[in-house]
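Trainee: Attaching a single structure in structure tokens format; questions to follow.
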Amino acid sequence: MALSKAKMLPAPQHIAIIMDGNGRWAKKRGLPRNAGHKAGAETFRRIAAHCNDLGVKYLTVYAFSTENWKRTEEEVSGIMFLLESYLKEALRDMEKNRIRFQVFGDLNRLSPKLQKLCRETMERSSVYHDVQVNFCMNYGGRDEIVRAARAFAADVAAGKCSADSLTERDFENYLDSAGVPDPELVIRPSGEQRTSNFLPWQSAYSEYVFMDVLWPDFSNEDLDAAIEEYHRRNRRFGGT
Ligand code: FPP
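Spelled out as structure tokens, the structure:
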């Protein structure tokens with residue numbers, strides 16, 4: 007485990023974040039909601055760099071949920087535009103930063119252009135193994151489990167494996183997060199205390215830290231504080 011430069015605490019290997027509160031941040035300033043998402047995307051860039059400095063190996067962020075399609079067309083296209091711009095930037099900087107990108111979620115509902123960009127980014131960065139960013143896009147935890155169950159059932163029907171011998175470890179290989187260790191720490195800013203269908207399988211034993219700050223205002227010090235809080239918890243995994 008790498009050491010946090012600021013406080014010399016070991017950073018968790020995998021941190022997951024629900025980037026919540028963009029809309030309220032914009033409202034407080036009399037701005038359109040998409041201005042909040044734009045500010046949220048900037049916060050993501052800064053926090054991703056800070057995670058890198060702290061030696062975090064996996065960063066997973068909730069960028070767009072299966073439920074977010076219910077928002078206005080203007081807001082949805084604004085978020086899609088930000089995601090597209092970010093992926094283009096990532097493709098450009100990939101070699102320099104040696105970061106692997108993964109998308110968790112059902113890509114099929116995204117625009118053909120965005121799907122192509124996601125696939126290209128995932129494929130081109132698959133050679134990097136030091137740091138990995140997982141973008142949850144059109145992601146819902148229950149949807150992920152249902153898609154995994156379908157893929158498993160198809161393998162059973164094709165005679166590739168048997169239902170009776172399925173273990174938890176085997177099933178994990180059908181999830182979007184196959185090969186990625188579970189997050190030790192999940193952070194939800196914005197004051198809401200819900201998990202909102204985010205990584206329900208993977209976060210079964212994660213420490214949740216809920217914080218009273220809106221995502222665009224989330225500072226590097228807030229991340230350090232969440233890591234400190236994580237260290238104060240006593241993780242027993244059901245043991246004594
Ligand atoms: C939740 O806040 C946020 C979202 C649904 C979208 C998150 C998207 C981004 C941060 C921009 C794209 C990301 C990157 C990294 C390029 P909310 O809108 O539900 O806020 P509210 O609860 O205050 O209304």
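Our numbering puts the first residue of the sequence shown at 7, with every later residue one more than the last. Glycine residues also receive a C-beta, built at the ideal position from the N, C-alpha and C atoms. Predicted model, so just to flag it, every value in this text is computed and none were measured.
(1) Taking just the CA atoms, how far does D170 sit from K94?
(2) Beta carbon of Y211, beta carbon of F177: below 8 Å?
(3) Taking C-beta to C-beta, are M128 and V109 nearer than 8 Å?
(4) Given S131, which residues of its chain have a CB within under 7 Å of its CB, disregarding the five upstream and five downstream residues?
(5) What separation, rounded to the nearest whole angstrom, lies between the Cα atoms of N179 and Y236?
(6) Measuring straight from C-alpha to C-alpha, what distance separates R194 and T173?
(7) For the putative contact between F224 and I53, defined by C-beta atoms under 8 Å, what is the C-beta separation to the nearest angstrom?
(8) Please confirm whether E190 and Q19 have their CB atoms less than 8 Å apart.
(9) Does the Cβ of G67 lie closer than 7 Å to at least one heavy atom of the ligand FPP?
(10) Tell whether a beta-carbon distance below 8 Å holds between D182 and G111.
(11) Compute every distance between the C-beta of F70 and the non-hydrogen atoms of the ligand FPP, then say whether any falls below 7 Å.
(12) Could you pull out every residue in the same chain whose Cβ sits closer than 7 Å to the Cβ of C57, ignoring the five residues on either side in sequence?
(13) Rounding to the nearest angstrom, what Cα-Cα distance links L205 and H135 in this structure?
(14) Suppose the cutoff is 6 Å on Cβ atoms and the five residues either side in sequence are ignored; what does the same chain contact list for V62 look like?
(15) So T49 is in the alpha helix (DSSP H); what residue range does that whole segment cover?
(16) So, S209 versus V192, is the Cβ gap smaller than 8 Å?
(17) Is the Cβ-Cβ distance between N144 and T72 less than 8 Å?
(18) Give the DSSP bridge partners of F158, in chain order.
(19) Please confirm whether P222 and G29 have their CB atoms less than 8 Å apart.
Mentor: Taking the structure as given:
(1) 44 Å
(2) Against a cut-off of 8 Å, the Cβ pair of F177 and Y211 comes out as no contact.
(3) yes
(4) M100, I105, R106, F107
(5) 27 Å
(6) 30 Å
(7) 7 Å
(8) yes
(9) It should be pointed out that residue 67 corresponds to Val in this sequence rather than to Gly. Yes, the Cβ of V67 comes within 7 Å of a heavy atom of the ligand FPP.
(10) Taking a C-beta distance under 8 Å as the contact criterion, D182 and G111 qualify as a contact pair.
(11) yes
(12) I21, L65
(13) 22 Å
(14) A17, I21
(15) 39–60 is the span of the alpha helix (DSSP H), which, as asked, contains T49.
(16) yes
(17) yes
(18) In DSSP, F158 forms no bridge with anything.
(19) no
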